[in-house]
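In this note's numbering, each residue carries its 1-based index in the sequence shown increased by 198.
Each residue gets a CB set at the ideal place from its N, CA and C atoms; glycine is no exception.
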Amino acid sequence: MNELVVIGVIVVVAIIVIALYNALTRLRVRADAAWADIDAQLKRRYDLIPNLVETVKGYAAHEKGTFERVTEMRAAAINAQGVAEQAKAENMLTAALRSVFAVAENYPQLRASENFTQLQGSLAEIEDKIQAARRYYNAVVRDYNTKVHVVPSSLVAWMFNFKDREYFELESPEEREAPKVDFSS
Numbered sequence: 199m200n201e202l203v204v205i206g207v208i209v210v211v212a213i214i215v216i217a218l219y220n221a222l223t224r225l226r227v228r229a230d231a232a233w234a235d236i237d238a239q240l241k242r243r244y245d246l247i248p249n250l251v252e253t254v255k256g257y258a259a260h261e262k263g264t265f266e267r268v269t270e271m272r273a274a275a276i277n278a279q280g281v282a283e284q285a286k287a288e289n290m291l292t293a294a295l296r297s298v299f300a301v302a303e304n305y306p307q308l309r310a311s312e313n314f315t316q317l318q319g320s321l322a323e324i325e326d327k328i329q330a331a332r333r334y335y336n337a338v339v340r341d342y343n344t345k346v347h348v349v350p351s352s353l354v355a356w357m358f359n360f361k362d363r364e365y366f367e368l369e370s371p372e373e374r375e376a377p378k379v380d381f382s383s
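So this is what it looks like as structure tokens:
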């Protein structure tokens with residue numbers, strides 16, 4: 199009889215460990231998928247930026263430094279590795295894009311350009327999608343990190359080397375705002 203109790207306890211513990219392992223794995227996979235969604239939106243943004251810069255450059259060629267900075271920050275963002283480095287690069291790129299929009303405000307013909315209007319609309323749409331993807335990713339990471347730290351799943355996380363994930367955060371309140379892309383005024 200004692201053997202049956204021991205076997206029963208072992209089976210129950212094994213089932214609990216397997217269930218917790220699977221829950222942690224599901225959350226880790228969801229976090230990876232959420233990061234892939236952010237990455238896809240960032241790539242769309244990166245593809246749009248050269249068109250935006252070229253359009254503005256046609257009207258404000260003397261703003262060479264602004265355009266070079268955007269190009270440099272875009273390259274840095276494309277090459278960023280890991281969540282923290284990506285967040286830092288995105289913060290710098292957003293600041294550089296703000297400079298382009300500040301330049302564009304001085305050119306009414308540019309603001310009236312159909313091509314520029316389409317680019318600004320596309321960028322606004324992409325920025326919204328990036329924000330939504332970032333919120334979803336951070337929610338999944340929150341759930342995953344919570345699971346990694348609460349008992350009994352923390353024991354399984356420790357046994358199978360599940361580590362905390364980084365949030366995709368912006369550094370300052372100004373950087374939390376998407377670049378202004380409304381030139382309709």
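Item, Value
"Three-way DSSP call (helix, strand, coil) for Q279 in this model", "coil"
"Where the alpha helix (DSSP H) containing A355 begins and where it ends", "S351 to M357"
"DSSP state of K241 mapped onto helix, strand, coil", "helix"
"Buried versus exposed call for M271 [16 or more other C-beta atoms within 10 Å across all chains shown]", "buried"
"Residue-chain proximity (W233, chain D), Cβ-Cβ < 9 Å", "Considering every chain present, this structure includes no chain D. It has just one protein chain."
"Beta-carbon contacts of M290 that lie in its chain and below 7 Å, excluding the five residues immediately before and after", "M271 and A274"
"Three CB pairs or more closer than 8 Å across the segment 332-340 and the segment 240-255", "no"
"Presumed contact (8 Å Cβ cut-off) between V254 and L321, rounded CB distance", "Not a contact, Cβ separation roughly 12 Å."
"Backbone CA spacing between M199 and L222 [nearest angstrom]", "35 Å"
"Which of helix, strand or coil DSSP assigns to N343", "helix"
"Residues near Y334 in its chain [Cβ-Cβ closer than 8 Å; skip 5 each side]", "A232 and D235"
"Collapsed DSSP secondary structure at D235 in the structure displayed", "helix"
"For R309, the first and last residue of its enclosing alpha helix (DSSP H)", "P306 to A310"
"The segment 208-220 contacting the segment 305-319, beta-carbon criterion three pairs below 8 Å", "no"
"Rounded separation between D237 and F358 - CA only", "27 Å"
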